[in-house]
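**Q**
Okay, structure coming up:
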């Protein structure tokens, strides 16, 4: 395949054992692909399963059946059946995930939170911090905050730190879960620009965005998640 | 590093490990492979068999069935049961570490901090006093203990400092595998956070393989790549840490995950 992501007939149901074994069907028959340099936006109302699909592509939620094909270092790996070690390797070298909320370790300075993905992949600390600084500046995080841990920042500032951390790495796939929620207009525009740059670099992206205007600006294709609604 | 991870061989292999005491089965049929640089958390409540398993893995308790093999520094993988007592001791002093929940079990409380760290070096043949002391102060600094306290005995240290000293003592010989038994167990929450952050950095920097027993899922999430959930002596669920914690499948794992109080 030439696609970076190829999801085929993926199914997911939650079984809630503590609630008497209720089955909560999430999505059924999820099928779509994403090419390099393309941004696919998942659309559908809240609860339609958009975030769950993103988590399935990241290997965070397990699939009951179906296939999550990911092009990783020239090979296709099915994350639905991959070993934990393979999933970790795919995450280190291929797939990045920008979640809605920052999950930061206490005590770690903002600049290091952002630089960490580069350091993990072998870049020197000084270079990684320089790149982190550039991104933080673009996202309007004042330099006096860089040495502080982000735990005390406002929601919008934390989200921008999170975006900087997500966009800093040079991974060929990025999953974006509402990257512009809780941002003001100026910062939303920066994120739209960052996404455009990633497209030019050939990065394949899957995004969830509720803002119609942003969706028009970034989407190359829209996949309607309601068509994968599991019959409840 | 990523490439290395994809091609290398397991460091520690457990194969169908079991332990029973008469008719009571403490641990049943546990198998896994641990790779260099990989952190495996074993979670479960008291009596689930996780400590028994840790003791068998670290060669402190003979298994009733199954084997543990370890890839030695010469790249030969050997069954632990086939090692002589001297070889096993050497392994324990050099290539392995063991961090106990109670630092008093892993430290000598009445001798100085410097001697606690230096002792492991002397056991592997270091005999130059100046160099031992230099390495000991270096390690105290790495675990954030004021070097001015090097001549004080750990019984004068706080709980958090003792635990950090125990870690320094374990890591000074550059082991490849460290066993940890509830390393943050007896500590205040703020002290725990600092220790976890320190451990997380050291594990990544030194590319350590770790088997950590904990009942605290937050510890597992922060430190481990993979988790094994135990109940009644069996492994009931295993997988990538975030998979198991965010999408638990077994009733018992769902109960564990849903029992966490939000901060």
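Residue numbers (my numbering), protein chains in the order written: chain A, 20 to 251; chain B, 9 to 271. A virtual CB, placed ideally from N, CA and C, is assigned to each residue, including glycine. Note that this is a predicted model, so its numbers are computed, not measured.
Where does residue 64(B) land, buried or exposed, given buried means 16+ other C-beta within 10 angstroms?
**A** It counts as buried.
**Q** Going by alpha carbons, who is nearest to residue 80(B) out of 201(B), 90(B), 54(B)?
**A** Checking every option, the nearest Cα to that of residue 80(B) belongs to 90(B).
**Q** Against chain A, which members of the stretch 216-244 of chain B pass a CB distance test of less than 8 Å?
**A** Listed by position along the chain: 230, 233, 234.
**Q** Taking residue 42(A) as the reference, give the member of 32(A), 206(A), 49(A) with the closest Cα.
**A** Nearest of 32(A), 206(A), 49(A) to residue 42(A), Cα basis: 32(A).
**Q** In angstroms with no decimal places, state the Cα-to-Cα distance between residue 17(B) and residue 28(B).
**A** Using only the alpha carbons, I get a separation of about 30 Å.
**Q** At the 8 Å Cβ level, is residue 167(A) part of the contact set with chain B, yes or no?
**A** So, not an interface residue.
**Q** Could you check whether the Cβ of residue 44(B) sits closer than 8 Å to any Cβ belonging to chain A?
**A** It does not: the Cβ of residue 44(B) has no partner Cβ on chain A nearer than 8 Å.
**Q** Please name the residue in 220(B), 154(B), 160(B), 33(B) whose C-alpha comes closest to that of residue 189(B).
**A** Checking every option, the nearest Cα to that of residue 189(B) belongs to 220(B).
**Q** Provide the residue span of the alpha helix (DSSP H) that contains residue 98(B), from first to last.
**A** Where residue 98(B) is concerned, the enclosing alpha helix (DSSP H) stretches over 93-102.
**Q** Which same chain residues, not among the five before or five after residue 44(B), have their C-beta less than 7 Å away from its C-beta?
**A** Correct list, in chain order: 16, 19, 184, 215, 217.
**Q** Counting contacts by CB-CB distance shorter than 8 Å, is residue 251(B) in contact with chain A?
**A** Yes, contact with chain A.
**Q** Quick check on this structure: which residue in 140(A), 146(A), 192(A), 132(A) has the alpha carbon closest to the alpha carbon of residue 165(A)?
**A** Closest by alpha carbon: 132(A).
**Q** Going along the chain, which unbroken runs of the alpha helix (DSSP H) with 4 or more residues stay wholly within the stretch 168-216 of chain A?
**A** Segments of the alpha helix (DSSP H) lying fully in the stretch 168-216 of chain A: 174-187.
**Q** Taking contact to mean 3 or more Cβ pairs, one atom from each stretch, closer than 8 Å, check whether the stretch 143-156 of chain A and the stretch 106-121 of chain A are in contact.
**A** Cβ pair count under 8 Å is below three, so no.
**Q** Can you grab the Cα-Cα spacing for the pair residue 195(B) / residue 177(A), in whole Å?
**A** Rounded to whole angstroms, residue 195(B) to residue 177(A) spans 29 Å at the Cα level.
**Q** Please state whether DSSP places residue 257(A) in a helix, a strand or coil.
**A** This structure cannot settle anything about residue 257(A), because the visible part of chain A is limited to 20 through 251.
**Q** Taking beta-carbon pairs under 8 Å, can you tell me which members of the stretch 69-89 of chain A lie near chain B?
**A** Result list: 74, 78, 79, 80, 81.
**Q** Note down, in chain order, each residue of its chain lying with its Cβ closer than 6 Å to the Cβ of residue 85(B), except the 5 sequence neighbours on either side.
**A** 77, 79.
**Q** Check the Cβ of residue 126(A) against every Cβ in chain B and list those closer than 8 Å, keeping chain order.
**A** Near residue 126(A) (Cβ distances below 8 Å), the residues of chain B are 201, 202, 205.
**Q** Hey, how far is the Cα of residue 249(A) from the Cα of residue 71(A)?
**A** Computed Cα separation, rounded: 13 Å.
**Q** Since residue 21(B) is in the beta strand (DSSP E), which residue starts that stretch and which ends it?
**A** Its beta strand (DSSP E) spans residues 20-29.
**Q** Is residue 101(A) helix, strand or coil when you go by DSSP?
**A** Three-state result, residue 101(A): coil.
**Q** Measuring CA to CA, which of 101(B), 97(B), 96(B) is closest to residue 134(B)?
**A** When each option's Cα is compared against that of residue 134(B), the closest is 101(B).
**Q** Under three-state DSSP, which class holds residue 229(A)?
**A** Of the three classes helix, strand and coil, the one that applies to residue 229(A) here is coil, per DSSP.
**Q** Along the chain, where does the alpha helix (DSSP H) containing residue 254(B) start, and where does it finish?
**A** Run containing residue 254(B): 249-254, per the alpha helix (DSSP H) assignment.
**Q** Run down chain B in chain order and give the residues with a C-beta less than 9 Å from the C-beta of residue 194(A).
**A** The contacting residues do not exist; residue 194(A) stays about 14 Å from chain B at best.
**Q** With a Cβ-Cβ cutoff of 8 Å, do residue 156(A) and residue 251(B) count as a contact?
**A** No, these two residues do not count as a Cβ contact at 8 Å.
**Q** Taking residue 259(B) as the query, report the chain A residues whose CB atoms sit under 8 Å from its CB, ordered along the chain.
**A** Here the neighbours are 36, 37.
**Q** Use the C-beta contact count for residue 68(A): other C-beta atoms within 10 angstroms, 16 or more gives buried, fewer gives exposed.
**A** Buried is the call here.
**Q** Let's see if you can read the secondary structure: which residues bound the alpha helix (DSSP H) around residue 62(A)?
**A** Careful: residue 62(A) lies outside any alpha helix (DSSP H), inside the beta strand (DSSP E) at 58-62.
**Q** Using a Cβ-Cβ cut-off of less than 7 Å, list which residues of the stretch 95-108 of chain A approach chain D; keep chain order.
**A** Within the model displayed, chain D is absent; protein chains A and B are what it includes.
**Q** Checking the sheet assignment: what are the DSSP bridge partners for residue 117(B)?
**A** The partner list for residue 117(B) (beta bridge, DSSP) is empty, contrary to what the question assumes.
**Q** For the beta strand (DSSP E) containing residue 48(B), list its first residue and its last residue.
**A** Unbroken beta strand (DSSP E) run through residue 48(B): 47-51.
**Q** Between the stretch 220-235 of chain A and the stretch 190-208 of chain A, do at least 3 Cβ pairs fall closer than 8 Å?
**A** Because the criterion of three Cβ pairs below 8 Å is met, the stretch 220-235 of chain A and the stretch 190-208 of chain A touch.
**Q** Taking just the CA atoms, how far does residue 216(A) sit from residue 74(B)?
**A** For residue 74(B) and residue 216(A), the distance between alpha carbons rounds to 55 Å.
**Q** Taking C-beta pairs closer than 9 Å, name the residues in chain A that residue 262(B) reaches, listed in chain order.
**A** Residues of chain A passing the Cβ test: 34, 35, 36, 37.
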